[in-house]
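Residue numbers (the UniProt record's numbering): 1 to 261.
Structure below.
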């Protein structure tokens, strides 16, 4: 793998840098393979990023119609629910760039979570044309990170962190008293590229642990990103990077600095 850390002075600049990286990665994938695969993130952090992508110059910088759209995690709520990650993308991005509906693959949260996870894995395999035991390789997976180190809906101490066969699972999260649908470690590890956007001082301890702490994904799930086959780009604002021991451009002494360009 290759891994890079990019620190921006402000949240707004971090969002712009993330938008530029997304455009670059997707354009390269479309040029190389004729289409691109993108898994979106949920939560609060991506909202300004999606709004940015929907504006000039990014809105016309990519052939959005050649992208297959997925989600790395979802809450088991109706698609029009305020907490739905799908609804977030519709309101902030799809309403402006209007990709073909046939290329938007949402989790069927109307169903039992386990059935929804099973069907989503089947959809991913169908779109990528990859049968078990092969693992599809997303061109880009977007992630945020929680103050507890969770990525997608892989929360500390939860069973999904141990999953090695399935690509999507319904993960029981006792600390939230909730079930979340999430990509599993094997699917994340197989990605060609992962972009992690983290902003805010409240995330600074988790950022330091993710990049400098001892490897322990059960305690800090973002450590899984050290095992990704492809490229990982961390984009941080100055506040989120404030507890790093030193300015870092790479994710650990054994991992080379490499741009995603």
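Even for Gly, the Cβ is constructed at its ideal location relative to N, Cα and C.
Sub-7 Å separation of residue i and residue j beta-carbons
i	j	result
residue 183	residue 37	no
residue 86	residue 76	no
residue 169	residue 194	no
residue 206	residue 141	no
residue 49	residue 15	yes
residue 47	residue 92	yes
residue 23	residue 234	no
residue 156	residue 219	yes
residue 100	residue 64	no
residue 68	residue 103	yes
residue 200	residue 241	no
residue 149	residue 221	yes
residue 189	residue 227	yes
residue 58	residue 18	no
residue 181	residue 117	yes
residue 70	residue 105	yes
Range of the contiguous alpha helix (DSSP H) that encloses residue i
i	result
residue 239	Unbroken run through residue 239: none, as it is neither H nor E.
residue 11	11-33
residue 194	First-last for residue 194: 193-198, but that is the beta strand (DSSP E), not the alpha helix (DSSP H).
residue 116	113-128
residue 206	204-212
residue 53	46-53
Status (buried if at least 16 other CB within 10 Å, exposed otherwise) for residue i
i	result
residue 197	buried
residue 211	buried
residue 60	exposed
residue 146	buried
residue 260	A caution first: residue 260 carries a pLDDT of 39, below 50, which makes its placement in the model unreliable, though a value can still be read off. So residue 260 ends up on the buried side.
residue 110	exposed
residue 256	Reliability fails at residue 256, whose pLDDT of 33 lies under 50, so the model's placement of it is uncertain and the value that follows must be treated cautiously. Per the 10 Å Cβ criterion, exposed.
residue 249	exposed
residue 151	buried
residue 237	buried
residue 8	buried
residue 245	exposed
residue 126	exposed
residue 204	buried
residue 177	exposed
residue 216	exposed
residue 251	buried
residue 122	exposed
residue 153	buried
residue 223	buried
residue 288	What is shown of the chain runs 1 to 261, which leaves residue 288 out entirely.
residue 254	With a pLDDT of 36 at residue 254, under the threshold of 50, the modelled position of this residue cannot be trusted; read the value that follows with caution. Answer is exposed; the Cβ neighbour count stays below 16.
Host beta strand (DSSP E) of residue i (start-end)
i	result
residue 4	2-8
residue 172	168-173
residue 189	Residue 189 -> not in any beta strand (DSSP E); alpha helix (DSSP H) instead, spanning 185-189.
residue 176	Neither: residue 176 is in no beta strand (DSSP E) and is coded neither H nor E.
residue 37	36-40
residue 141	140-143
Report the residue ranges of all beta strand (DSSP E) runs contained in full by the region 56-96; include only those spanning at least 3 residues, in chain order.
Counting only runs of 3+ residues, the beta strand (DSSP E) found wholly inside the region 56-96 occupies 67-71, in chain order.
Could you say if the region 68-75 and the region 25-32 meet the contact criterion of at least three C-beta pairs nearer than 8 Å?
no
Using 8 Å as the Cβ pair cut-off and three pairs as the minimum, do the region 149-162 and the region 125-135 touch?
no
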